[in-house]
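Colleague: Below is a structure I'd like to ask you about.
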Amino acid sequence: MRRPGVGAAVAVAALLTLTACAAAEPSGPPPPRPVADCNLTMIPKSTDNPYFAAVRTGMVDAQRELGGDLSFVGPAAGDVTGQIQRIQSGRQRGSCVIGISAVDSSAVAPALDAARADGSRVISYDADVSDGSRGLFVNMATADELGRAQFDILARAMGGTGEFGIVSSQSTAEVTNGWIDVMKAQLATPQYRGMRLVKTSYGDDDAKKSYDAAVALLRAHPDLRGIMAPTPIAMEAAVKAATDLGVADRVVVTGLGNPGTQAQLLTSGRVPAYVLWSPRDLGYLTYYAAAAYTAGEITGRPGETFDAGRLGRRTVGPGGEIVMGHPITFTRDNVGRHLHDFETTG
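With mature numbering (1 follows the signal peptide of the UniProt record, and there is no 0) applied, the sequence shown covers -22 to -1, 1 to 324.
Right, dumping it as structure tokens:
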């Protein structure tokens, strides 16, 4: 999340105050309703991000199979104030389900709590919210798998030695912070004692800020041998920074990439490999989970199962988490086979 200035901080505070004043104690869980009779508000981190456009495609796939009125709305950029406004709009229109990929897990919680008190069921997907503010979280893969998969690519490319830095998204992004924690744990093992993390920077999923962060990192650490970019925007920016500074031949860039828009990073050899999953499947699974939730087929208790269409039956895990599957490591050899997962609808 961008560090808010005085004006932005005041705006967020005002929204939270209005939300708190309007919230009421919930009278109990809302009655079950079939998704075909519901409207669903799904809020991405940003609508300008091609990744979330592919998530929307998956939701539309599921909507065509199940019915329902889908409203996929969010801020153009990763802005918590814009997300809170969309939560409030969903609440006002009486959405059966409000789903969100949170920019800031804590900041959106009061608005989500107010929506729950008014009878909306709340789920998160892609990026979770604070405990107690949602019933389900649809996760792409476990944090451990995603952190290890990204780090393994970097470690292999660096030969297990040398300095590297991280250019991440928002400092408040719990999902990416979780991956980074896994990477730091890997660094502490004897296998990677020759590698050293020199700095973690945050570009707020903004192309210019991520580029500037990568440039600053490269200039401050002339012996840098790698950049970990656990977000596609940061990866593109880091590759450009290394190229512009003439160090692309000795600085490895990897992390999280989007084959839908960044296949050329692999085919050109500028990135050896990167990690992601199917955003289309994530959107599809999220919609099916929302449908089962609003129909009362699942409540968020561990062990519950539901039908997820072409993805088969799925199980709710501890903490209401539904894990989609395993991360995919994309290379120049396999990226072309997965482009269907990154298609977008108009």
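Note that CB positions come from ideal geometry on N, CA and C, so glycine has one too.
Keep in mind the model is a prediction, meaning the values are calculated, not measured.
(1) Below 8 Å between beta carbons: does that hold for P8 and G97?
(2) Using CA coordinates, which residue listed in A87, V58, R258, G281 is at the minimum distance from G238?
(3) Can the beta-carbon of Q128 be found less than 8 Å from the beta-carbon of D183?
(4) Which value, in whole angstroms, describes the spacing of the CA atoms of Q169 and G72?
(5) By Cβ distance, which residues of its chain are closer than 6 Å to residue 349, with the 5 residues on each side in sequence left out?
(6) So, using beta-carbon positions, are L196 and V225 closer together than 8 Å?
(7) Take A216 and list the residues in its own chain whose beta-carbon comes closer than 6 Å to its own, dropping the five residues that flank it on each side.
(8) In three-state DSSP terms, what is H304?
(9) Assign T323 to buried or exposed, taking buried as 16 or more other Cβ atoms, counted over all protein chains shown, within 10 Å of its Cβ.
(10) So for E3, helix, strand or coil by DSSP?
(11) For L223, I'd like the list of residues in its chain whose CB is within less than 8 Å of its CB, leaving aside the five on either flank, ordered along the chain.
(12) Indicate whether S49 and G77 have their beta-carbon atoms separated by less than 8 Å.
(13) Verify whether the separation of the beta carbon atoms of M118 and M173 is less than 8 Å.
(14) Just the Cα atoms here: how many angstroms apart are G201 and D109?
Modeller: Reading from the atomic positions:
(1) yes
(2) R258
(3) no
(4) 53 Å
(5) The displayed coordinates of the chain run from -22 to 324. Any statement about residue 349 would go beyond what the structure contains.
(6) yes
(7) V145, A192, I205, A207, V231
(8) coil
(9) Taking a 10 Å sphere around the C-beta of T323, we find fewer than 16 other C-beta atoms and assign the residue as exposed.
(10) Below a pLDDT of 50, predicted positions are generally treated as unreliable, and E3, at 46, falls in that range; no measurement from the model is reported.
(11) V193, L196, R197
(12) Cβ atoms of S49 and G77: not closer than 8 Å.
(13) no
(14) The amino acid occupying residue 201 in the given sequence is Asp; Gly does not appear at that position. The alpha-carbon atoms of D201 and D109 are separated by roughly 41 Å.
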